[in-house]
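Taking numbering that gives the first Met the number 0, the leading residue of the sequence shown gets 0, the next gets one more, and so forth. Presented below is the structure to which this report refers.
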Amino acid sequence: MFPTPIERTPRSWQITYQTLLPLALILWLLPLIAVAIFSVKPDADFANANYWGWPSSFEGFTNYGLVFTGSDMPQYLLNSFKITIPTVIGAVALSCMTGFALGIYKFKANIWIFFMFVAGNFVPFQILMVPVRDLTLHLGLYNTITGLVLFHIAFQTGFCTLFMRNFIRALPFELIEAARVEGVAEWRIFWFVVLPLMKPAIAALSVLIFTFIWNDYFWAIVLTQGVESQPVTAGITSFNAQYRAAYHLMSAGSIVAALPPVAMFFMMQKHFIAGLTLGAVK
Numbered sequence: 000m001f002p003t004p005i006e007r008t009p010r011s012w013q014i015t016y017q018t019l020l021p022l023a024l025i026l027w028l029l030p031l032i033a034v035a036i037f038s039v040k041p042d043a044d045f046a047n048a049n050y051w052g053w054p055s056s057f058e059g060f061t062n063y064g065l066v067f068t069g070s071d072m073p074q075y076l077l078n079s080f081k082i083t084i085p086t087v088i089g090a091v092a093l094s095c096m097t098g099f100a101l102g103i104y105k106f107k108a109n110i111w112i113f114f115m116f117v118a119g120n121f122v123p124f125q126i127l128m129v130p131v132r133d134l135t136l137h138l139g140l141y142n143t144i145t146g147l148v149l150f151h152i153a154f155q156t157g158f159c160t161l162f163m164r165n166f167i168r169a170l171p172f173e174l175i176e177a178a179r180v181e182g183v184a185e186w187r188i189f190w191f192v193v194l195p196l197m198k199p200a201i202a203a204l205s206v207l208i209f210t211f212i213w214n215d216y217f218w219a220i221v222l223t224q225g226v227e228s229q230p231v232t233a234g235i236t237s238f239n240a241q242y243r244a245a246y247h248l249m250s251a252g253s254i255v256a257a258l259p260p261v262a263m264f265f266m267m268q269k270h271f272i273a274g275l276t277l278g279a280v281k
């Protein structure tokens, strides 16, 4: 039923595994390695079709310096933080409350409300593009950071509720019953009993949502335009000139844009793994 641990497999399979694993890792990281190499090449290498060869000169400091001093990348990064951080806080906070309500209380419409939260995750983005854009125009939220934050919170709350509801249902219900016997109010049960037990799940969910929102490109170009509101994923395209793209700057900008979610994961790695594996064993 479960896969055999690699230590218990025949020696020939262990050698094959140890040989193929580094190759698979290199293949998986190859696009990122290519972008990193492109980011230290001079612009002349791309004009001379030196795409995969050794850089004719290392221009890493120059390229990354231009990203921060010769472009609007700092503003795009700031916009991404203004969009991502409120979205994570809003979606996680709402999902903690809805997950508590759907996971603890039993009423007739419980399963149908939960179904509505989950069903929204299966609607393709392309179907929502036109109505969401029209809605933001009518509300005066088009091309604003506030509009993008509100949309992301609304759309991500469904997945977050699914995550939190299932996590809360796995908690020992005896703790809640004991608190109710002592006459503790429901909001105090949520705040002082359930919420502390949800810290691993909150950490894991925060990392996931931070990564989802930071890397979003589709809604960034649908609901925003211009330096004042666009996040970094859409802002990287500003390195495209009229006739030719500045690939060396785009590569450097891509590396810079990828650093915050990577840093977020490593800072929260312990809690992230604990949140995903909690309840896996008894």
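Glycine included, each C-beta is placed from N, C-alpha and C at the ideal position.
Problem - Beta-carbon proximity list for P230, same chain, < 6 Å, skipping 5 on both sides - result: By one-based count along the sequence shown, residue 230 stands at place 231. Once the five neighbours on either side are set aside, the close Cβ partners of P230 are N78, S79, I82, A219.
Practice task
Rounded to whole angstroms, what's the CA-CA distance from H151 to G98? Just pull it up for me.
Solution key: Here residue 151 corresponds to residue number 152 of the sequence shown, with the count starting at 1. Here residue 98 corresponds to residue number 99 of the sequence shown, with the count starting at 1. Computed Cα separation, rounded: 18 Å.
Problem - Cβ shell of I235 (< 7 Å), same chain only, five flanking positions each side left out - result: Looking up residue 235 in the sequence shown gives position 236. Within the same chain, I235 has close Cβ partners M249, G252, S253, A256.
Practice task
Consult DSSP for A46 and reduce its assignment to one of helix, strand or coil.
Solution key: As a working mapping, residue 46 is identified with position 47 in the sequence shown. Note: A46 maps to helix in three-state DSSP.
Handout entry: Contact under 8 Å by Cβ, I103 with I201
Key = Taking the first residue of the sequence shown as 1, we reach residue 103 at position 104. Taking the first residue of the sequence shown as 1, we reach residue 201 at position 202. No, these two residues do not count as a Cβ contact at 8 Å.
Practice task
Would you tell me roughly how many angstroms separate the C-alpha atoms of P85 and L147, rounded to the nearest one?
Solution key: In the sequence shown, the residue the question calls residue 85 occupies position 86. In the sequence shown, the residue the question calls residue 147 occupies position 148. Roughly 10 Å between the two C-alpha positions.
Practice task
Could you tell me how far apart the beta carbons of L204 and F162 are, in whole angstroms, since I believe they sit closer than 8 Å?
Solution key: In the sequence shown, counting from the first residue as 1, residue 204 sits at position 205. In the sequence shown, counting from the first residue as 1, residue 162 sits at position 163. 5 Å between Cβ atoms; contact.
Practice task
Consult DSSP for G278 and reduce its assignment to one of helix, strand or coil.
Solution key: Taking the first residue of the sequence shown as 1, we reach residue 278 at position 279. Confidence in G278 is poor, its pLDDT being 48 and thus under 50, which makes the residue's placement unreliable; the coordinate value appears in the next sentence. Note: G278 maps to coil in three-state DSSP.
Practice task
With distances taken Cα to Cα, identify the nearest neighbour of P199 among V180, E185, F166.
Solution key: Reading the sequence shown from its first residue, position 200 is the one you call residue 199. The option with the nearest alpha carbon to P199 is F166.
Problem - Span separating the alpha-carbon of V66 from that of R179 - result: Indexing the sequence shown from 1 puts residue 66 at position 67. Indexing the sequence shown from 1 puts residue 179 at position 180. Near 57 Å, if we compare the C-alpha coordinates of R179 and V66.
Problem - Which listed residue (F116, F217, V206) has its alpha carbon closest to that of K269 - result: One-based indexing of the sequence shown puts residue 269 at position 270. Among F116, F217, V206, the Cα nearest to that of K269 belongs to V206.
Problem - 6 Å Cβ shell around A90 - same chain, five flanking residues per side excluded - result: For the purposes of this step, residue 90 is taken as the residue at position 91 of the sequence shown. Within the same chain, A90 has close Cβ partners I152, Q155, T156, C159, I208.
Handout entry: Per DSSP, the bridge partner or partners of N239
Key = The residue you call residue 239 lines up with position 240 of the sequence shown. Looking at the DSSP assignment, N239 forms a beta bridge with A244.
Practice task
Counting only the same chain and skipping the five closest in sequence on each side, list residues whose C-beta sits under 6 Å from that of L31.
Solution key: Here residue 31 is taken as the residue at index 32 of the sequence shown, counted from 1. Cβ within range, chain order: n/a, list empty.
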